[in-house]
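According to the numbering used here, the sequence shown is numbered sequentially starting from 1.
Every residue gets a Cβ at the ideal spot worked out from N, C-alpha and C, and that includes glycine.
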Amino acid sequence: MEKAEIGLIGLGTMGSNLALNIAEKGHRIAVYNRTQSRTDAFVANSGPLRDKVVPCASLSELAAAIRPPRPIIIMVLAGKPVDEQIAALRSELAGNDIVIDAGNANFRDTMRRFKELDGSGLTFIGMGVSGGEEGARHGPSIMVGGTEESWKRVESVLTAISAKFKDEPCAAWLGSDGAGHFVKTIHNGIEYADMQMIAEIYGILRDGLGMSAKEIAPVFAGWNKGRLESYLIEITANVLAADDPKTGKPVADIILDRAGQKGTGKWSVIEAQQLGIPATAIEAAVAARVLSSLKDERLAAEKAYGKLGVTSFSGSKDALLKHLELALFAGKIAAYAQGFAVMAAASREFGWNLPMPTIARIWRAGCIIRSQMLDTMAEAFGSGRADTNLLMAPAFVTMMTEAHPSLRHVVAQAAEAGLPTPALASALGYFDAYRQGRGTSNLIQAQRDFFGAHGFERIGDKGAFHGPWGSGA
Ligand code: NDP
């Protein structure tokens, strides 16, 4: 039988769609899944692509079915299952074969796996994939970490299966070892912030203006035609317009207000903190998901404190809708600025030399946070005008100057009404603190010196100084 060009382990949601995508681009693919029935179902549903698929019942069958040097994609649950698959594969593979972990790995695990495989002869790639089920099937955004030489060996197949933005593939090599998985993690952190801010605006429309899901849907659909144009705004409009077949009610109204998480949001916050970079909107979004899970406690607290935030927004509705659109726009810019700042710090820390314009470019299509704004970000990073912070690129100074008064207005009104806007408020706090030439940590320096003799810097003087606190300090 003709050998396959590539192999894939793990035929779950992502793996099965990625395998079909690869087969559709003309590459013969060998597939294996731990549970055989899933492989059988995959083959039965592969339709016209059946002759491009080689089903395998074991890892040794898989290895034998691929032409060496073999590229094998692992698309199983992140963590221990990946280590188990790599361990099992090692005896089946020979030098020069390439193992690609395409799941949502923690980049620190990826770095460890690079070290463990060093000297084994095998080449390892840590690859972030974004776009969900649909993206995996028809074109995801692909973020690759590993050696440049290993990227060159898989570049043609990865660019072929990736999303395209105006014919440009949304797949790129971003740096050595954990670079691809780190960038994917921050992608997800930004995604958390983006989704949370959209949900906060939805909350204001629902609870501040008393609008129904059916009334809110066209608002988001309209925004999707303007500066907020993005996949997440588009699906928000679609979700809000959908009816539940069982009750006839809007689907959004019958879904429990408790959101889960798998880990990438939390990892982005942990890494931001480790690197000493403020990522307040992402932090607020992760915390908001945790708070959302405390449903029983929230119900009890509502009983104790009373219900807040019902139709207390004043002024013209049209004017408020304009403010909400601009507030979301400003909040989103701040969240991206934070995400890119975390990546810049990680790039320095781990010596990756992450190409920011390329990252913005490969996020323009295929991935969950794809948006019109990323094209402008790619330009800003490409021109070198966003090197310190995205907020300092002239195009973004102009946009924020126009939009931040609306963010302020919305956060202030929401606070008055008792409607929670943690991510939007954090984005605003970050923006205001970032642009405040003289802040307030002179007082913090003084306090630290008072209780701990930590010393402080004086304006216009070099060295460390102490205050006249006296012996009682
Ligand atoms: P699914 O739950 O749909 O599938 C999980 C797959 O992992 C199955 O093939 C399962 O095999 C396999 N698996 C689980 N545990 C083991 C194990 N111990 N040994 C061998 N195989 C195992 O997951 P997804 O396809 O959604 O996710 C796969 C990866 O892709 C994850 O890392 C996820 O975070 C990432 N990802 C997911 C996205 C999404 O939108 N769903 C988007 C981007 C990345 P079996 O059939 O035997 O259980």
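In the DSSP annotation of this structure, the continuous segment of the alpha helix (DSSP H) that includes T185 starts and ends at 179-203.
Assignment of beta strand (DSSP E) within the segment 95-163, counting only whole runs of 3 or more residues, yields 98-101, 123-130, 141-145 in chain order.
Under the three-state reduction of DSSP, F465 is assigned to strand. The C-alpha of V53 is placed about 23 Å away from the C-alpha of V82.
DSSP places L232 inside the alpha helix (DSSP H), whose first and last residues are 231-241.
For E168, the pairing in a beta bridge is given by DSSP as F165. Scanning P55, S16, T185, P71 for the CA closest to the CA of C367 turns up T185. In this chain, the beta strand (DSSP E) harbouring P55 covers 53-55. Ranking M373, A417, L407, I444 by CA distance to the CA of G429 puts L407 first.
In the three-state reduction of the DSSP assignment, V31 falls in the strand class, which pools E and B.
The Cβ atoms of S176 and G131 do not sit closer than 8 Å to each other. The alpha-carbon separation between A241 and G222 amounts to approximately 13 Å. According to the DSSP assignment, I255 belongs to no beta strand (DSSP E), since it is labelled neither H nor E.
Between H181 and E92, the alpha-carbon positions lie close to 25 Å from each other.
Annotation for P55 indicates a beta carbon at 7 Å or more from all heavy atoms of the ligand NDP. Distance from the CA of P250 to the CA of E215, rounded to the nearest whole angstrom, comes to 11 Å. Cβ-Cβ distances below 6 Å link P422 to A284, A288 in the same chain, with the five nearest sequence neighbours on each side left out; the list follows chain order. Here P140 is not near N96, since their CB atoms are 8 Å or more apart. In this structure, T39 keeps its C-beta atom at 8 Å or more from the C-beta atom of E133. Assigned with DSSP and collapsed to three states, S441 falls in helix.
For R113, the Cβ stays outside the 7 Å cut-off from all heavy atoms of the ligand NDP. Secondary structure note for L407: its alpha helix (DSSP H) is the uninterrupted segment 394-417. Judged by DSSP secondary structure, G15 falls within the alpha helix (DSSP H) whose first and last residues are 13-24.
Note on A330: 16 or more other CB atoms within 10 angstroms of its CB, so buried under the neighbour-count rule. Cβ neighbours of M343 within its own chain (closer than 6 Å, five residues either side excluded): I186, L354.
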